[in-house]
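J.:
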Amino acid sequence: MNKTILAIAAASAMLNAAAQPIVSPPPLRKGDTVAIMSIASTPKDSVAEKAAFVLEQWGFNTIIMPHTYDNYHTFAGTVENRCSDLLACLRNPKVKAIISTRGGYGSSMLLPRLTRDTLARYGNKWIVGYSDITAMHSAMVCAGHQSLHANMGGYLGSHSATDSLNLMLRDVLMGKRPTYTVPGHVYNRPGTATGILLGGNLSVFSNIAGSLDFDFLDRDNVKDKDIILFFEDVGENISRVGSMFTQLLVKGVLANVKGIIVGRFTDYKPSNGYASMNEMLRDELARYFNIPICYDFPASHDEDWNYPMIEGATVTLHVTEDAGPVTLTFYE
Numbered sequence: 639m640n641k642t643i644l645a646i647a648a649a650s651a652m653l654n655a656a657a658q659p660i661v662s663p664p665p666l667r668k669g670d671t672v673a674i675m676s677i678a679s680t681p682k683d684s685v686a687e688k689a690a691f692v693l694e695q696w697g698f699n700t701i702i703m704p705h706t707y708d709n710y711h712t713f714a715g716t717v718e719n720r721c722s723d724l725l726a727c728l729r730n731p732k733v734k735a736i737i738s739t740r741g742g743y744g745s746s747m748l749l750p751r752l753t754r755d756t757l758a759r760y761g762n763k764w765i766v767g768y769s770d771i772t773a774m775h776s777a778m779v780c781a782g783h784q785s786l787h788a789n790m791g792g793y794l795g796s797h798s799a800t801d802s803l804n805l806m807l808r809d810v811l812m813g814k815r816p817t818y819t820v821p822g823h824v825y826n827r828p829g830t831a832t833g834i835l836l837g838g839n840l841s842v843f844s845n846i847a848g849s850l851d852f853d854f855l856d857r858d859n860v861k862d863k864d865i866i867l868f869f870e871d872v873g874e875n876i877s878r879v880g881s882m883f884t885q886l887l888v889k890g891v892l893a894n895v896k897g898i899i900v901g902r903f904t905d906y907k908p909s910n911g912y913a914s915m916n917e918m919l920r921d922e923l924a925r926y927f928n929i930p931i932c933y934d935f936p937a938s939h940d941e942d943w944n945y946p947m948i949e950g951a952t953v954t955l956h957v958t959e960d961a962g963p964v965t966l967t968f969y970e
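For the sequence shown, this note's numbering gives the first residue as 639, with consecutive numbering after it.
#1: Return the chain-ordered list of same chain residues with a C-beta closer than 6 angstroms to the C-beta of PRO963, the five sequence neighbours on each side being excluded.
#2: Based on Cα-Cα distance, which residue from VAL879, ASN804 and MET778 lies nearest to THR904?
#3: At the level of alpha carbons, what is the spacing between TYR906 and SER938?
#4: Considering just the uninterrupted stretch of the alpha helix (DSSP H) at LEU805, what are its terminal residues?
#5: Going by the beta-carbon positions, is the gap between ARG740 and MET778 smaller than 8 angstroms?
#6: Is THR772 closer than 8 angstroms to VAL717 when the C-beta atoms are compared?
#7: For ASP723, count neighbouring Cβ atoms within 10 angstroms of its own Cβ and tell me buried if that reaches 16, exposed if not.
#8: Quick check on MET675: does DSSP put it in helix, strand or coil?
#9: Under 6 angstroms Cβ to Cβ from HIS783, same chain only, skipping five residues before and after it: list those, please.
#10: Assess contact between the segment 831-841 and the segment 866-874, defined as three or more Cβ pairs (one per stretch) separated by less than 8 angstroms. Is contact present?
#11: What is the DSSP secondary structure of GLY795, counted as helix, strand or coil?
#12: Residues in its own chain within less than 6 angstroms of THR832 by CB, not counting five upstream and five downstream?
#13: For GLY715, count the other beta carbons within 10 Å of its own beta carbon; 16 or more makes it buried, fewer makes it exposed. Which is it?
#14: I believe ARG754 touches CYS780 by the beta-carbon criterion, under 8 angstroms. Please report the beta-carbon distance rounded to the nearest angstrom.
#15: To the nearest angstrom, how far is the alpha carbon of ALA961 from that of CYS721?
#16: I want to know whether the segment 680-697 touches the segment 795-806 - three or more CB-CB distances under 8 angstroms.
#17: What do you reckon, are the CB atoms on PRO946 and LEU786 nearer than 8 angstroms?
#18: Would SER679 and TYR768 qualify as a contact pair, given that the criterion is a beta-carbon distance under 8 angstroms?
#19: Please report the straight-line C-alpha distance between THR952 and ASN910, rounded to a whole angstrom.
#20: So for LEU919, helix, strand or coil by DSSP?
#21: In chain order, which beta strand (DSSP E) runs of at least 3 residues are fully inside the segment 881-916?
#22: Residues in its own chain within less than 6 angstroms of TYR710 by CB, not counting five upstream and five downstream?
#23: So, helix, strand or coil for HIS956, using DSSP?
#24: Please specify which runs of the alpha helix (DSSP H), each continuous and at least 4 residues long, are wholly inside the segment 719-795, giving them in chain order.
#25: Compute the distance between the beta-carbons of ASN916 and ASP940, then report whether it is under 8 angstroms.
#26: Use the C-beta contact count for ASP770: other C-beta atoms within 10 angstroms, 16 or more gives buried, fewer gives exposed.
#27: Cα-Cα, which of LEU794, GLY950 and HIS775 is closest to ILE846?
#28: Using the beta-carbon count (16 or more within 10 Å), is ASN928 buried or exposed?
#29: With respect to the alpha helix (DSSP H) encompassing ILE846, which residues constitute its N-terminal and C-terminal limits?
#30: Can you tell me whether ASP940 is helix, strand or coil according to DSSP?
Set out below in structure tokens:
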């Protein structure tokens, strides 16, 4: 093959890669297998078994991975242990979804051992979790696969199979693309925007965004596309959250953000002259953005206020005037 043909082939491959969408995992069906594991910290006793009971009531088969209850300096096993469980789930064609028992700390430790090529090849299955699991969602989207920011094994197993949030999770796993309509907020900025949904836990997302091999700025399936950013956090003070936005701005991660969804911030105290986190964010975001913004959306560490959010999916955010309802629509 001469150099001209090679150049044409290379250019064609680049164009095809740039046009490639972020793939949605296949919908689960009754009889499919769901794996339960601990990607980050060690859960309490029987969390995995209780979650498995609910999943089995929905008609799924379940497996609990070997290192789920390991305790290595509060982690569910060493990095090698947790990587071994995750890779076994990814490479097992019978496993259609992976649900983390809890968050905590340690997901980002796995990223240097998980190449983007490995995730691209084996990762077309749901990874479910929030908080520290944000690191895995970011990695999956960068590898070209949608991922599911949602309640984990702890909530799943401590609530019934007919609990409303559990049913929302089940429906998304089984292929439903939801539309959420939630109350407005006095700080909302009206407008409509469409883009790819990215984000999650703000402290985790801000630490890894634009770093390692999982860089939204240089991925063909995300690069130059409009982004709807959502975020929440727990136990972070007001000044630190403000500095996280500065970090994201400096990294250039926010350049293509066309809409912002502010979830709920919990376990913090008023400071820096602000009575609430939302008050600070209203001022901070107004400095940089003239786009639709909504506040107090159901994404949070308050598990009763934590809707399933499909990261990597195309969504439309519609924020109405005068603190009216907010609608978030997910598309195939």
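By construction, the Cβ of each residue, glycine as well, lies at the ideal position given by its N, Cα and C atoms. Only a predicted model underlies this, so the values are computations on that prediction, with no experimental measurement involved.
T.: In short, the structure shows the following:
#1: Within the sequence shown, residue 963 is the residue found at index 325, counting from 1. Excluding residues within five positions, the ones whose Cβ falls inside 6 angstroms are THR819 and GLY822.
#2: By one-based count along the sequence shown, residue 904 stands at place 266. Among VAL879, ASN804 and MET778, the Cα nearest to that of THR904 is on VAL879.
#3: Taking the sequence shown and counting its residues from 1, one reaches residue 906 at position 268. Taking the sequence shown and counting its residues from 1, one reaches residue 938 at position 300. So the alpha carbons of these two residues sit roughly 13 angstroms apart.
#4: Walking along the sequence shown from the start, residue 805 turns up at place 167. Its alpha helix (DSSP H) spans residues 802-811.
#5: Start at 1 with the first residue of the sequence shown, and residue 740 comes out as number 102. Start at 1 with the first residue of the sequence shown, and residue 778 comes out as number 140. Cβ atoms of ARG740 and MET778: not closer than 8 angstroms.
#6: Here residue 717 refers to the residue found at position 79 of the sequence shown. Here residue 772 refers to the residue found at position 134 of the sequence shown. Against a cut-off of 8 angstroms, the Cβ pair of THR772 and VAL717 comes out as no contact.
#7: Counting from 1 along the sequence shown, the entry for residue 723 is found at position 85. Residue environment for ASP723: buried (at least 16 other C-beta atoms within 10 angstroms of its C-beta).
#8: Taking the first residue of the sequence shown as 1, we reach residue 675 at position 37. It is a strand residue.
#9: Walking along the sequence shown from the start, residue 783 turns up at place 145. Same-chain partners within the cutoff: VAL661, GLY761 and ASN762.
#10: yes
#11: Translated into positions along the sequence shown, residue 795 becomes position 157. Correct three-state label for GLY795: helix.
#12: Sequence index remark: in the sequence shown, residue 832 carries index 194 (1-based). So the list reads THR954, once near-sequence residues are dropped.
#13: Taking the sequence shown and counting its residues from 1, one reaches residue 715 at position 77. The residue is buried, with at least 16 neighbouring Cβ atoms inside 10 Å.
#14: As a working note, residue 754 is residue 116 in the sequence shown. As a working note, residue 780 is residue 142 in the sequence shown. 6 angstroms between Cβ atoms; contact.
#15: The count along the sequence shown starts at 1 and reaches residue 961 at position 323. The count along the sequence shown starts at 1 and reaches residue 721 at position 83. CYS721 has its alpha-carbon roughly 45 angstroms from the corresponding atom of ALA961.
#16: yes
#17: Here residue 946 refers to the residue found at position 308 of the sequence shown. Here residue 786 refers to the residue found at position 148 of the sequence shown. Yes, the Cβ-Cβ distance between PRO946 and LEU786 is below 8 angstroms.
#18: For the purposes of this step, residue 679 is taken as the residue at position 41 of the sequence shown. For the purposes of this step, residue 768 is taken as the residue at position 130 of the sequence shown. Taking 8 angstroms as the Cβ cut-off, SER679 and TYR768 do not qualify as a contacting pair.
#19: Reading the sequence shown from its first residue, position 314 is the one you call residue 952. Reading the sequence shown from its first residue, position 272 is the one you call residue 910. Roughly 36 angstroms between the two C-alpha positions.
#20: What you label residue 919 is simply residue 281 of the sequence shown in a count that begins at 1. Three-state result, LEU919: helix.
#21: 895-904
#22: In the sequence shown, the residue the question calls residue 710 occupies position 72. Result list for TYR710: THR716, in chain order.
#23: Sequence index remark: in the sequence shown, residue 956 carries index 318 (1-based). Here HIS956 sits in strand by DSSP.
#24: 754-760 and 772-780
#25: Along the sequence shown, one-based indexing puts residue 916 at 278. Along the sequence shown, one-based indexing puts residue 940 at 302. Contact flag unset, no.
#26: Mapped onto the sequence shown, residue 770 falls at position 132. Buried, since its Cβ has 16 or more Cβ neighbours within 10 Å.
#27: On the sequence shown, residue 846 is found 208 positions in, with the first residue counted as 1. Among LEU794, GLY950 and HIS775, the Cα nearest to that of ILE846 is on HIS775.
#28: Sequence index remark: in the sequence shown, residue 928 carries index 290 (1-based). Exposed: under 16 other Cβ atoms inside 10 Å.
#29: Reading the sequence shown from its first residue, position 208 is the one you call residue 846. Element bounds for ILE846: 840-846.
#30: For this step, residue 940 is matched to residue 302 along the sequence shown. Correct three-state label for ASP940: coil.
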